[in-house]
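A.B. asks: Quick one: the structure is below, questions incoming.
Protein chains: 2
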Amino acid sequence: MDATEYVTKLATASRRAAAALAQAAGELRDGALRACAAAIRAARADLQAANAKDLARADEFGLTGAMVDRLRLTDKVVEGMAAAMEQVAAQTDPVGRTIAAYNRPDGLRIEKRRVPIGVIGIIYESRPNVTAEAAALCIKSANAVILRGGKEAMNSNLAVASAIREAVRGAGLPADAVAVIDTPDRAVVTALCKAEGLIDLLIPRGGEGLIRAVVEAATVPVIKHYTGNCHVYVHADADLQMAERIVINAKCQRPGICNAAETLLIDRAVAEEFLPRMAAKLVEAGVELRGCQRSRKLVEGMKPATDADWRTEYLELILAVRVVDGLDEAVHHINTYGSGHTDAIVTRSIAAADAFVARVDSASVMVNASTRLADGGVYGLGAEVGISTDKLHARGPMGAEDLTTYKWIVTGRGHLRD
Amino acid sequence: MDATEYVTKLATASRRAAAALAQAAGELRDGALRACAAAIRAARADLQAANAKDLARADEFGLTGAMVDRLRLTDKVVEGMAAAMEQVAAQTDPVGRTIAAYNRPDGLRIEKRRVPIGVIGIIYESRPNVTAEAAALCIKSANAVILRGGKEAMNSNLAVASAIREAVRGAGLPADAVAVIDTPDRAVVTALCKAEGLIDLLIPRGGEGLIRAVVEAATVPVIKHYTGNCHVYVHADADLQMAERIVINAKCQRPGICNAAETLLIDRAVAEEFLPRMAAKLVEAGVELRGCQRSRKLVEGMKPATDADWRTEYLELILAVRVVDGLDEAVHHINTYGSGHTDAIVTRSIAAADAFVARVDSASVMVNASTRLADGGVYGLGAEVGISTDKLHARGPMGAEDLTTYKWIVTGRGHLRD
Chain A
1 MDATEYVTKL ATASRRAAAA LAQAAGELRD GALRACAAAI RAARADLQAA NAKDLARADE
61 FGLTGAMVDR LRLTDKVVEG MAAAMEQVAA QTDPVGRTIA AYNRPDGLRI EKRRVPIGVI
121 GIIYESRPNV TAEAAALCIK SANAVILRGG KEAMNSNLAV ASAIREAVRG AGLPADAVAV
181 IDTPDRAVVT ALCKAEGLID LLIPRGGEGL IRAVVEAATV PVIKHYTGNC HVYVHADADL
241 QMAERIVINA KCQRPGICNA AETLLIDRAV AEEFLPRMAA KLVEAGVELR GCQRSRKLVE
301 GMKPATDADW RTEYLELILA VRVVDGLDEA VHHINTYGSG HTDAIVTRSI AAADAFVARV
361 DSASVMVNAS TRLADGGVYG LGAEVGISTD KLHARGPMGA EDLTTYKWIV TGRGHLRD
Chain B
419 MDATEYVTKL ATASRRAAAA LAQAAGELRD GALRACAAAI RAARADLQAA NAKDLARADE
479 FGLTGAMVDR LRLTDKVVEG MAAAMEQVAA QTDPVGRTIA AYNRPDGLRI EKRRVPIGVI
539 GIIYESRPNV TAEAAALCIK SANAVILRGG KEAMNSNLAV ASAIREAVRG AGLPADAVAV
599 IDTPDRAVVT ALCKAEGLID LLIPRGGEGL IRAVVEAATV PVIKHYTGNC HVYVHADADL
659 QMAERIVINA KCQRPGICNA AETLLIDRAV AEEFLPRMAA KLVEAGVELR GCQRSRKLVE
719 GMKPATDADW RTEYLELILA VRVVDGLDEA VHHINTYGSG HTDAIVTRSI AAADAFVARV
779 DSASVMVNAS TRLADGGVYG LGAEVGISTD KLHARGPMGA EDLTTYKWIV TGRGHLRD
């Protein structure tokens, strides 16, 4: 069977499942999610056995230590998948919610009601817990999902999906609500991208290369998650102790994640007082600093930052540093070099916070909080299906509600157009 | 200047204007809209003089009578443009509205707030009043707009835009908030499609050929308005007199518009009573009928309908007719052959209406109302920037709010990620 045939067959079954899901009451979908949680807990030994097969081939696939860590289904990760299923089950049902409803002067009733999108394809790398979280959010929002994980996690993903499919079927919904691509053939990804009319939305999660490849091939709509080139701006009126803690957290707490800070902007009014001591702490934490001319005058031994540094998402313990003349320059720097993901200001000034929030064109704007907090879990979405750097449809962390669209329902009593 | 240079220069000015608009208070934007309305009224003679130049060349461009009608800036059309500006000004400001706001257990404050999208490109054909309506919705939603109308309306569009730009400037906002492409060069459309990072959204309005060409060329996100293959389903429990009025209105009131009905589905329980008399009225109204086998047994002289008929958006006085076994078959027909635009049921049964609304996968689902009512004005949006047949971001008639996105604003007191 060639890739297009394979995807057509799979997605046709998904469309049937999507139609059934769209008619299923919320309690049926929530029941399925709780059954999935129980099934994942019960299948722990099986999941770990399948995971061991993937781990045994990690060298063959050239996985780094960090990648192996993310691949490993520890007891804690398995419990985390089950708990995420339960958390998502406990959320308010996004489907069927009325967004707006009103009568027009002539008595025509207009309602805008949330409905599922249909069939959603998720293309991702490495972490097998994405299989469970993505399935949870799609079941919650009454969408069928087609999951295509990396070949390095194939056994783990199939084992997780098998437990979920059984539980979904047992709860009275079609197992095809959750489908997993069971071949590493890359032509299948291309076929997913071209499955217009069968797949309603693709969400690629992973490296920029994967995402660009999907966007270029896709005729199906795609929600993208490009780079997170995040900034912390320490304003002239910042609580400098708070600023220190936020900068350390934003850069060091988990530097490989997209919401880690990559550039520190410091108001010149506080640079002399703040920067030397901040730099010392960062260097102590193992961070390499690359600074503008003004910051290099304040800190010895700092490498020079180039234009490329302002644009780079390091994803490691490197931080670019720039002294700016004030909020205008900070906003201009962020809107010029940033990626519109997450940017923070540290300030005690209402006026500065308001101006920063209004003018920085990013999905998440943090005031006196670490950029690392830009996350679906932190925002209370239960889980996230990705962090959109697009502006259309959904922006920033995406939860179950972001996997819905709406329908206009117009009710008349024989109303005609004049 | 080549097309890419031309678009880069224009869109760079638009981006600057967008940044200013995003900071402008609602009353400033509404004031600009009212000033535009006054300017359009004051410029009526100039607009009509420019329009006369376009009308004089209508033959040269091969415009049909209907197209010439749509091109003509009558007194009524000019007043309509001014009135639309005022109606949009009177609407609630969509910008700055809080979509959701809550505190997390640790005291972190999360807010989702509506913000403009940025720079929006609108590519359209013929009707110069689109110039005013699109500009109104973009100014209202604090977006800069780049308008590219058809060459057949170039003089009219430039005259309308010139009045608007002057008024916008006079009201204290940048004239570049509203830009018009002043060359018929088609390479400019391609350059608009490729202006990633400069243009945030493209909305093509016009024939399917135009829209497909934009979608294929575009790297910028596009919201599409494909065909309207709309249905009226007369249920077994319909008020048959109401059904007659709705069918006549949906087919005949303005057959060339996307929300006109193209297929009539009749429940077999009422076919014998309803169809002969409905067919007679339709034929009397000049409609050509193309029927399935069962309907042709009930009405003499009806042409046979083929599979192609079920798929066709006629946009003229032709109606496909099919007798169906019940609601299941009606829904299946609509979801198989329809375009997800607008579909109607006529029924007195709550159960049938609910099932139809839940299962028909279309942007607008009408109950006991004509499909012709699927319209931004009818829905109370003041004006519409198009009717989306996409499922993402916006679906159905799009107003000012649909030209916004949102931002997450996260406020802490030194909150860090654990």
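Protein sequences appear in the order of chains A and B.
Each residue of the first sequence is one higher than the last, beginning at 1 in the working numbering.
Each residue of the second sequence is one higher than the last, beginning at 419 in the working numbering.
Yeah, the Cβ is synthetic: ideal placement off N, Cα and C, and Gly gets one too.
Keep in mind it's a predicted model, so treat the numbers as computed, not measured.
1) Quick one, which residues of the stretch 97-109 of chain A are near chain B if we go by CB-CB under 8 Å, in chain order?
2) If residue 232/A and residue 250/A are in contact, beta carbons under 8 Å, what's the gap, nearest whole angstrom?
3) Give me, in chain order, the residues of the same chain whose beta-carbon lies closer than 7 Å to that of residue 170/A; leave out the 5 immediate sequence neighbours on both sides.
4) Of the residues that make up the stretch 149-177 of chain A, which ones have a beta carbon closer than 8 Å to any beta carbon in chain B?
5) So, under 8 Å CB-CB, residue 788/B and residue 108/A are touching, yes? Tell me the CB distance rounded to an integer number of Å.
6) Go through its chain and collect everything with a Cβ distance to residue 158/A's Cβ below 8 Å, but skip five positions before and after it.
7) Do you know offhand how far residue 721/B's Cα is from residue 154/A's?
8) Which of helix, strand or coil does DSSP assign to residue 303/A?
9) If I follow the unbroken alpha helix (DSSP H) through residue 322/A, where does it start and stop?
10) Which of the three DSSP states, helix, strand or coil, is assigned to residue 757/B?
11) If you measure between the beta carbons of residue 678/B and residue 708/B, is that distance less than 8 Å?
12) To the nearest angstrom, report how far apart residue 104/A and residue 764/B are at their CA atoms.
13) Could you pull out every unbroken beta strand (DSSP E) segment of at least 3 residues lying fully inside the stretch 571-644 of chain B, listed in chain order?
14) May I ask which residues mark the beginning and end of the alpha helix (DSSP H) holding residue 51/A?
15) Exposed or buried, what is residue 99/A when buried is set at 16 or more other beta-carbons lying within 10 Å of its beta-carbon?
16) Between residue 555/B and the rest of its own chain, which residues show a CB-CB distance below 7 Å, the 5 nearest in sequence each way excluded?
17) If I measure Cβ to Cβ from residue 501/B and keep anything under 8 Å in the same chain, skipping five residues before and after, which residues do I get?
18) Evaluate residue 64/A with the Cβ neighbour count: other Cβ atoms within 10 Å of its Cβ, from every protein chain shown; 16 or more gives buried, anything less gives exposed.
19) Under DSSP, the alpha helix (DSSP H) around residue 230/A begins and ends at which residues?
20) Quick one, which residues of the stretch 178-204 of chain A are near chain B if we go by CB-CB under 7 Å, in chain order?
21) Are any of the Cβ atoms in chain A nearer than 8 Å to that of residue 446/B?
22) Taking its Cβ as the centre, do 16 or more other Cβ atoms sit within 10 Å of residue 449/B, making it buried, or is it exposed?
23) Given that a residue counts as buried once 16 or more other Cβ atoms are within 10 Å of its Cβ, and exposed if not, what is residue 475/B?
24) Counting only the same chain and skipping the five closest in sequence on each side, list residues whose C-beta sits under 6 Å from that of residue 548/B.
25) Please report the Cβ distance between residue 18/A and residue 144/A, rounded to the nearest whole angstrom; I am assuming they are in contact, meaning their Cβ atoms lie under 8 Å.
26) So is residue 55/A buried or exposed if we call it buried at 16+ other beta carbons inside 10 Å?
27) Starting from the C-beta of residue 240/A, find all residues in its chain whose C-beta is less than 6 Å away, skip the five residues before and the five after it, and write them out in chain order.
28) Taking residue 684/B as the reference, give the member of 703/B, 716/B, 596/B, 805/B with the closest Cα.
29) Cβ of residue 829/B less than 8 Å from any chain A Cβ?
30) Of all the options 421/B, 681/B, 734/B, 778/B, which has the alpha carbon lying nearest to the alpha carbon of residue 724/B?
31) Quick check on residue 46/A: buried or exposed, where buried means 16 or more other Cβ atoms within 10 Å of its Cβ?
32) Could you name the residues of the stretch 664-677 of chain B whose beta carbon sits closer than 7 Å to any beta carbon of chain A, in the order they occur along the chain?
33) For chain A, check one thing: does any of its Cβ atoms lie closer than 8 Å to the Cβ of residue 834/B?
34) Does the stretch 223-230 of chain A come close enough to the stretch 348-361 of chain A to have 3 or more Cβ pairs within less than 8 Å?
35) Whole angstroms are fine: how far does the CA of residue 187/A sit from the CA of residue 156/A?
36) By the DSSP assignment, the alpha helix (DSSP H) with residue 281/A in it spans what residues?
C.D. replies: Well, looking at it:
1) 102, 104, 108
2) 5 Å
3) 35
4) none
5) In fact, because the Cβ distance is near 10 Å, the residues do not count as touching under 8 Å.
6) 50, 180, 182
7) 56 Å
8) strand
9) Where residue 322/A is concerned, there is no enclosing alpha helix (DSSP H), although the beta strand (DSSP E) it sits in stretches over 318-324.
10) coil
11) no
12) 20 Å
13) 596-598, 619-623
14) 44-56
15) exposed
16) 506, 801, 803, 817, 818, 821
17) 455
18) exposed
19) Where residue 230/A is concerned, there is no enclosing alpha helix (DSSP H), although the beta strand (DSSP E) it sits in stretches over 230-234.
20) 200, 201
21) no
22) buried
23) exposed
24) 542
25) 4 Å
26) buried
27) 274
28) 716/B
29) yes
30) 681/B
31) exposed
32) 664, 667, 671
33) yes
34) no
35) 21 Å
36) 268-284
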